[in-house]
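Chemist:
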Amino acid sequence: MSSIKISNLRKTYGQFAAVDGFSLEIPAGSVFGLLGPNGAGKTTVFKCMLGLARTTSGLVLFDGKPLVPETFERIAYVPERSVLYEWMTVAEHVEMNRRAFKAFDPVRALELLAQFNVEPAKRSRALSKGMRTAVMVALAFARNAPILVLDEPTSGLDPINQRHVLSLIINEAARGNSVIFSSHQIGQVERAAEHIAVMDRGRLVLEGLVDDLKSDRKIVEGIFPNVTYSLNGIANDPRVLRADRTERIVRLLVRDDADNIATMLAGAGATGVRVLDLNLEDIFLFAVSPADATADVIAKGSS
Amino acid sequence: MAYVEWLRVGRCLKCTAWVLLVVLCLIVAAEYTFLNIGSRSSLSGVELHTSSGDINASEILNGAATTYSTLPDGTKRTTIVNPAMGIRVTVDDHGYFGKHVEIFERSVKRSEKLVGIGPVSLQRTAVPGGSMVTIDTNKPEDFAYVAAIATFIALIVATILGAPFARQNDGHLEIALTNPAPRTTLGFGAMLADVAGIVAAWLMTVAMLFFAHVAHNAPNYTYGPRDTEVIVLGFAGVLAWYAMLCAATASLRRAYGIVLGISWPVALLVAWLAKADLGDAPMAQLLRWGATPLSWVDPFSYLHFGPAFTVNGRPAGSLAVSLQNELPALLILALIYVTLAIIQWRRVEA
Amino acid sequence: MPAVMTVDPRSGVPIYLQIVEQVKRSVALGILQVGEQLPTVKQLALDLTVNPNTVARAYRELEHDDVIETSPGRGSFVRDNGSTQSAKTAASDVARDALAIALREAKSVGLSRNDVRELIDTAIDRWFPEEQ
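Chains Y, E and U are the protein sequences, given in the same order.
Numbers 1 to 303, taken from the working numbering, label the letters of the first sequence in order.
Numbers 1001 to 1350, taken from the working numbering, label the letters of the second sequence in order.
Numbers 2001 to 2132, taken from the working numbering, label the letters of the third sequence in order.
Structural data, given as structure tokens:
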């Protein structure tokens, strides 16, 4: 059981801040999904977390202690792109890991490789992109590490192997190990992760338990009889994150207590008031799309 | 990472072994062709430069009296006497223990010369009534001759292996940097593997030369203090050379191949410019002025690879000698370069 | 039981609630017998490919609702004391949620209280003819 604490992480390349004041606490034994559009800084967060890149400022603690080389006995990392040696065989990579890590289980590694249909005698250069990902995943899951950091662990994999990776993640979680993974496949995150963090342009924009976010975040929709209506300050309510208006239809993104907001909207004269569920993809899109995405956004307090 | 480096060294040594094997075959074949002096067939096509002009060696046989005899110690002696040309050839074939050939010419040659190439020595001396050329195919061979060639091969292998850090930086840094061992340890481990590979290449070359020798002749080496100097200084030079390449590439990610490729011409040019007599032209002085400080940090400036010939008993070009000045310089260079490589590599980011 | 369990992670309904609802339904329908053992958290998590902590949360919720009981080291079982009660509770929970959705829908399309009552009466007549 290992916890990770990232506080106020910053990483700049020249003028550009790839990560800009990122703080996150990853409790021990949880599966944490890191989401974000391309270039949001997910990979940079992983690299800074693991000391692969020097942080401009900020602090990363593993069980309350800063990272030292020995910490890597307890961290297994799958990078975003293949880092396998093209000229080495898969079996030689297994041997490399056996020599590097005390807890590495070569038998388990070969078992996992067989499950992914990877021939250990093959050289890396003969493997497809997906197979390379599978090799790195197999090596990481044979590490018996309490912390797994997986940057896009399913990229290039076919749906069967993607599902297999999810099962492996779930298996690790059941053993009490922590898994932090990023993925563009929100459906996978939705299944495997209990906790998510959404990054956008180097910042943390949303964080919480997936089920809580789904329970709390709702869309409240109402239709007014004509275009001249007043929301009676509902859009100012702190529980309302966003209000969109198209003609006579009002859609409110609420943080929690949707039923109460629905009642208020009905009280303002709206008919056909509905409360709509949001799945993780909706929640993600609301979190990362810029506030001025549509011309229909009613600035808070203007109504 | 050291494991990967060992694998890489293994692959490199496998290639080196193949190359050495091919060279061995070539040497054995060449020795068979050129050193088979004395048999009739081998004389045809050979030009002899005599006082009476160039003649084909087989012409000596025309009108010559050839006698074969076996001496009490088993030596097969062939004597060819051509009174018309005033030439007398005596070939003593000791079989595995080499050949001793004496060619007497009636013409008078004043210049005396002794040339040695490895175990082969050629000597011309003035004797009463003419001159005598003596050829020995199995003279005692200075081990330094073997060591110098092995050092040269070791330098090539050092150049091939010379970028362990850049190779790691090129897409595999994540593996090295998420390893429980500290970076410095990993760096030294990789360099140690390479150095072991370089030493192995040196030994393989010595073995190859030995086999090339024993294919035709009994081993007949001499070993003296100077040979130790050549070996020690050669290793120091190779070490410094390898360390320099490591330092030059430790921060690189891709272009390390170019650095390794131009290292030889650049280093040789610098070493040459610093010493060559270019005259007093301003440009020449500028070149020397620029090259001299560079030559201080260039391991090649401290290694001398003269051709391993001896003329009149002296090396025609000097092998690496003079331990007093050059050994400390090379070791200090190696140390500085290793430190520079490690410092740079510790700062590389993925 | 796992054979009939499915979750739709893409739905807006939290996964733990989907599990809770399905277990309750299974108990109400008798697919899960009283005293029957439920799969372990790990097993169900792997079967459904969902996070084990999510399954554990569903089990806690079910315990809280008195549908199942968990004894350390033995596993989780459908409650047997007041078994009919737990089944009935489970059934009415499921029915209540379904009704709530139906009523909200009815309201959103503008039906009045009397309209809805009339609809419900018709539905009751249709589904419970023997108690008329």
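Glycine residues also receive a C-beta, built at the ideal position from the N, C-alpha and C atoms.
Identify the continuous beta strand (DSSP E) that holds Ile1135 (chain E) and give its terminal residues.
Modeler: According to the DSSP assignment, Ile1135 (chain E) belongs to the beta strand (DSSP E) that extends over Gly1130 to Asp1136.
Chemist: Closer than 9 Å, Cβ to Cβ, to anything on chain Y: give me those residues from the segment 2098–2132 of chain U, in chain order.
Modeler: Arg2104, Glu2105, Lys2107, Ser2108, Val2109 and Gly2110
Chemist: Taking Cβ-Cβ distances shorter than 8 Å, what residues in chain E pair up with Tyr13 (chain Y)?
Modeler: Result: empty, since nearest Cβ-Cβ is about 10 Å, beyond 8 Å.
Chemist: Just mark Asn1217 (chain E) as buried or exposed, buried being the case when its beta carbon has 16 or more other beta carbons within 10 Å.
Modeler: buried
Chemist: Just to confirm the assignment: which complete alpha helix (DSSP H) runs, minimum length 4, are found wholly within the segment 2027–2098 of chain U?
Modeler: The qualifying runs are 2041–2048 and 2052–2064.
Chemist: Assuming contact is defined by CB atoms lying nearer than 8 Å, are Ala287 (chain Y) and Val198 (chain Y) in contact in what I supplied?
Modeler: Against a cut-off of 8 Å, the Cβ pair of Val198 (chain Y) and Ala287 (chain Y) comes out as a contact.
Chemist: Show which residues of chain E have a CB atom less than 7 Å away from the CB atom of Glu70 (chain Y).
Modeler: The contact set of Glu70 (chain Y) on chain E, defined by CB atoms closer than 7 Å, consists of Pro1180 in chain order.
Chemist: Establish whether the CB of Pro2014 (chain U) and some CB of chain Y are separated by less than 8 Å.
Modeler: Residue-level contact check: Pro2014 (chain U) touches chain Y, since one or more beta carbons of chain Y fall below 8 Å from its beta carbon.
Chemist: According to DSSP, is Asp1280 (chain E) helix, strand or coil?
Modeler: Reduced to three states, the DSSP call for Asp1280 (chain E) is coil.
Chemist: Please confirm if the segment 1160–1171 of chain E is in contact with the segment 1122–1130 of chain E, defined as three or more CB-CB distances below 8 Å between the two stretches.
Modeler: no
Chemist: For the segment 133–177 of chain Y, which segments carrying the alpha helix (DSSP H) assignment without a break, of at least 4 residues, lie completely within its bounds, in sequence order?
Modeler: 159–174
Chemist: Is the CB of Ile26 (chain Y) under 8 Å away from at least one CB in chain E?
Modeler: no
Chemist: For Pro1164 (chain E) and Ala1190 (chain E), I'd like the C-alpha separation in whole angstroms.
Modeler: 7 Å
Chemist: Shortest alpha-carbon distance to Pro153 (chain Y) belongs to which of Y:Arg81, Y:Leu276 and Y:Leu280?
Modeler: Y:Arg81
Chemist: So which residues on chain Y does Gly1171 (chain E) lean against when the C-beta distance must stay under 7 Å?
Modeler: Under the 7 Å cutoff, chain Y gives Val83.
Chemist: Whole angstroms are fine: how far does the CA of Leu1331 (chain E) sit from the CA of Tyr1242 (chain E)?
Modeler: 12 Å
Chemist: Around the C-beta of Leu1174 (chain E), are 16 or more other C-beta atoms found within 10 angstroms, so that it is buried, or is it exposed?
Modeler: It is worth fixing the name first, because residue 1174 (chain E) is Glu in this sequence and not Leu. Looking at its Cβ environment, which holds 16 or more other Cβ atoms inside 10 Å, Glu1174 (chain E) is buried.
Chemist: Tell me, please, whether the CB atom of Ile6 (chain Y) is closer than 8 Å to any CB atom in chain E?
Modeler: no
Chemist: Distance check for Gly208 (chain Y) and Arg239 (chain Y), CA to CA, integer angstroms please.
Modeler: 16 Å
Chemist: In chain U, what lies closer than 8 Å to Leu252 (chain Y) by C-beta?
Modeler: Here the premise fails: no neighbours, minimum Cβ distance about 15 Å.
Chemist: Any beta carbon of chain Y sitting closer than 8 Å to that of Val2020 (chain U)?
Modeler: no
Chemist: Between Pro27 (chain Y) and Ser7 (chain Y), which are expected to be in contact by the criterion C-beta below 8 Å, what is the C-beta distance as a whole number of angstroms?
Modeler: Actually they do not touch by this definition, with Cβ atoms about 15 Å apart.
Chemist: Quick one: list the residues of chain Y neighbouring Lys2024 (chain U), beta-carbon separation under 8 Å, in chain order.
Modeler: Within chain Y, no residue comes near Lys2024 (chain U); the closest Cβ sits about 17 Å away, beyond 8 Å.
Chemist: Please classify Tyr1223 (chain E): does DSSP put it in a helix, a strand, or coil?
Modeler: Annotated three-state conformation of Tyr1223 (chain E) is coil, per DSSP.
Chemist: Spell out whether any CB of chain E is found under 8 Å from the CB atom of Phe101 (chain Y).
Modeler: Yes, Phe101 (chain Y) lies at the interface with chain E (some Cβ there is under 8 Å from its Cβ).
Chemist: Give a yes or no on whether 8 Å exceeds the smallest Cβ distance from Gly51 (chain Y) to chain E.
Modeler: yes
Chemist: Do the CB positions of Thr1159 (chain E) and Ser1263 (chain E) come within less than 8 Å of each other?
Modeler: yes
Chemist: Should His1100 (chain E) go down as buried or exposed, given a rule of 16 or more other Cβ atoms within 10 Å for buried?
Modeler: buried
Chemist: Please list the terminal residues of the continuous beta strand (DSSP E) segment that includes His1100 (chain E).
Modeler: Lys1099 to Glu1105
Chemist: Going by DSSP, what residue range makes up the beta strand (DSSP E) through Leu1122 (chain E)?
Modeler: Val1120 to Val1127
Chemist: For the candidate residues Y:Pro69, Y:Val60, Y:Asp105 and Y:Ala121, whose alpha-carbon lies nearest to that of Trp87 (chain Y)?
Modeler: Y:Ala121
Chemist: Taking any Cβ of chain U, which residues in the segment 173–198 of chain Y have a Cβ under 7 Å from it, in chain order?
Modeler: Flagged, chain order: Ala173, Ala174, Gly187, Glu190, Arg191, Ala192, Ala193 and Glu194.
Chemist: Using the beta-carbon count (16 or more within 10 Å), is Gly1290 (chain E) buried or exposed?
Modeler: exposed
Chemist: Should Asp211 (chain Y) and Ile2019 (chain U) be called a contact, given that it needs their Cβ atoms to be closer than 8 Å?
Modeler: Not in contact: Asp211 (chain Y) and Ile2019 (chain U) (Cβ atoms no closer than 8 Å).
Chemist: Tell me which residue opens and which closes the alpha helix (DSSP H) that Tyr229 (chain Y) is part of.
Modeler: First-last for Tyr229 (chain Y): undefined, no H or E at that position.
Chemist: Might you give, ordered along the chain, the residues of its own chain that have their beta carbon closer than 6 Å to the beta carbon of Trp1345 (chain E), omitting 5 neighbours on each side?
Modeler: Phe1165, Gly1187 and Ala1250
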